[in-house]
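Take a look at the structure below.
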Amino acid sequence: MTNIILLGPPGSGKGTQAKLLAERISVPHISTGDILRAAKETELGDRASEYMNRGELVPDSILIAIVEDRLAKPDCASGCILDGYPRTIPQADALNRILSGLDLRIDLVINIDVPDDRLITRLSARRVCECGATYQLTFNPPKKEGVCDLCGGALYQRDDDTEESVRNRLLVYKRETKPLINYYENLGLLTTIDGSGSIKEISDEIYAYVQ
Ligand code: ADP
Ligand code: ADP
Ligand code: ZN
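Quick look at the structure:
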């Protein structure tokens, strides 16, 4: 049983790597961004999208309730990979509480380190599919332009991948999320990996480390 957190700024490759690792070690991939986007056209989704489009964080109370709910599902008994949660110290404190209530704990926190200029390049050319697949026009393009390799769906740009929103997300990351690096370092759980290599190189490095 392994519970792993992937930490890193927007665009560092958390989603890409979480998906690959989840497949390799057969545990669920829990992305709070995906959960919020899937809530589109519900009251939760409407509330969340106002924050998301501006590149702000959705309030802690909402996220904590979502994660509490998700971690209680039976598939998490074998472990999970958390992608995009926690993003604040109160969320990390709540996670400790939730996990200990379930008799679980965090085993590893992998911090993916990527320089800012590269994050902006990556996010401005990110394209996604409804099925959850993510592409990058230069580094990880689909085989056929505009079409998902996995399901044939039409690719689109996320509403929050505008330059203005991306810049704000990086500021919010530095203010709210970066302090989690120290938080988990102090708990002896953190390892930092260089996220500027290829998707395959990073995936192999993470997998080797987890093993
Ligand atoms: P995050 O979930 O941290 O925001 P993503 O996994 O969505 O990051 O990756 C951001 C963008 O960068 C996507 O378009 C993705 O295809 C691309 N990407 C991910 N990892 C790499 C990498 N190692 N090199 C180049 N581009 C990458
Ligand atoms: P990114 O690729 O930028 O890391 P995500 O898909 O993880 O984006 O998250 C998209 C948006 O969803 C965030 O900018 C934020 O508004 C909201 N969000 C996701 N996870 C959280 C969280 N743990 N706390 C607060 N807001 C969140
Ligand atoms: Zn698809």
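If you read the sequence shown in my numbering, its first letter stands for residue 727, the second for the next number, and so on.
Each residue gets a CB set at the ideal place from its N, CA and C atoms; glycine is no exception.
All of these numbers come straight from a predicted model, not from anything done at the bench.
{"query": "Going by C-alpha distance, which of 918, 898, 909, 927 is nearest residue 819?", "result": "909"}
{"query": "Looking at the structure shown, is residue 859 part of a helix, part of a strand, or coil, going by DSSP?", "result": "coil"}
{"query": "Measuring only from the beta carbon, is residue 830 closer than 7 Å to any heavy atom that is part of ligand 1?", "result": "no"}
{"query": "State the start and end residues of the unbroken beta strand (DSSP E) segment that holds residue 918.", "result": "916-920"}
{"query": "Of the choices 899, 809, 835, whose alpha-carbon is the least far from that of residue 783?", "result": "899"}
{"query": "Can you find a heavy atom of ligand 3 that lies under 7 Å from the Cβ of residue 879?", "result": "yes"}
{"query": "Tell me whether the beta-carbon of residue 851 lies closer than 8 Å to the beta-carbon of residue 862.", "result": "yes"}
{"query": "Could you tell me which residues DSSP pairs with residue 880 in its beta bridges?", "result": "873"}
{"query": "I'd like the span of the alpha helix (DSSP H) that includes residue 932, first residue to last.", "result": "925-936"}
{"query": "For the segment 729-815, list the alpha helix (DSSP H) runs that are entirely contained and at least 4 residues long, ordered along the chain.", "result": "740-751, 758-764, 769-780, 786-797"}
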